[in-house]
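S.K.:
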Amino acid sequence: MTKTLYEINWHYKDSDQNQFSHCTVTPITVIRESVLPGCTAVSITAKDSEGRIFQGSPEGYFETEAAAWAAAKQDLLDTIESHDKTVMELKEETHRLFSFLITLPDQEAKP
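With the working numbering, letter number 104 in the sequence shown gets 388, and the count goes up by one each step, no holes.
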């Protein structure tokens, strides 16, 4: 039994994965898809695009390349929306801090 699924690979500029660079979609070849003895959920054994064999859940992989790209696009849009909200909240807080700061009297040492 072999079938092809697709995975999204997120690439970053730093090892802490804080600076997004780009993403790619690559095929994986599913060698086995079944419930292993003693388990209750379906798992897969697959080979990635670099030839590494791994086991995992079929969730998070996509039936088509187009579906993987659509999911990547939605993830990017959701992240951008979240970042935009955070930026707006930080701007509002910065404005409140500055508004209070300018009301404080000058405390320079006077002779």
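Ideal placement from N, C-alpha and C gives every residue a C-beta, glycine not left out.
(1) Residue ranges of each alpha helix (DSSP H) run of no fewer than 4 residues wholly in the region 313–391, ordered along the chain?
(2) How should F338 be labelled, buried or exposed, when 16 other C-beta atoms within 10 angstroms of its C-beta is the threshold for buried?
(3) Taking 6 Å as the limit between beta carbons, can you name the residues of its chain near R316, skipping five residues before and five after?
(4) By the 10 Å Cβ neighbour count, where 16 or more other Cβ atoms means buried, how is Y345 classified, buried or exposed?
(5) According to DSSP, which residues form a beta bridge with K287?
(6) Please return the same chain residues whose Cβ sits closer than 6 Å to the Cβ of K331, not counting the five positions on each side in sequence.
(7) Does the distance from the CB of P311 to the CB of T288 come in under 8 Å?
(8) Indicate the three-state DSSP secondary structure (helix, strand or coil) for S299 in the structure shown.
(9) Spatial neighbours of A355 within its chain, please: CB distance less than 7 Å, with the 5 preceding and 5 following residues excluded, ordered by chain position.
M.R.: Based on what the coordinates show:
(1) 349–385
(2) As a position in the sequence shown, residue 338 is number 54, starting the count at 1. Around the beta carbon of F338, fewer than 16 other beta carbons lie within 10 angstroms, which makes this residue exposed.
(3) Taking the first residue of the sequence shown as 1, we reach residue 316 at position 32. T329.
(4) For this step, residue 345 is matched to residue 61 along the sequence shown. Answer is buried; the Cβ neighbour count reaches 16.
(5) Locating residue 287 in the sequence shown gives position 3, counting from the first residue. Paired residues: V314.
(6) Here the question's residue 331 lines up with position 47 in the sequence shown. Closer than 6 Å at the Cβ level, and outside the excluded window around K331, lie T313, I337.
(7) Taking the first residue of the sequence shown as 1, we reach residue 311 at position 27. Taking the first residue of the sequence shown as 1, we reach residue 288 at position 4. Yes, the Cβ-Cβ distance between P311 and T288 is below 8 Å.
(8) One-based indexing of the sequence shown puts residue 299 at position 15. In the three-state DSSP reduction, S299 falls in the coil class, being neither helix nor strand.
(9) If you number the sequence shown from 1, residue 355 lands on position 71. For A355, same chain residues with a beta-carbon under 7 Å away, outside a window of 5 residues either side, are I292, F346 in chain order.
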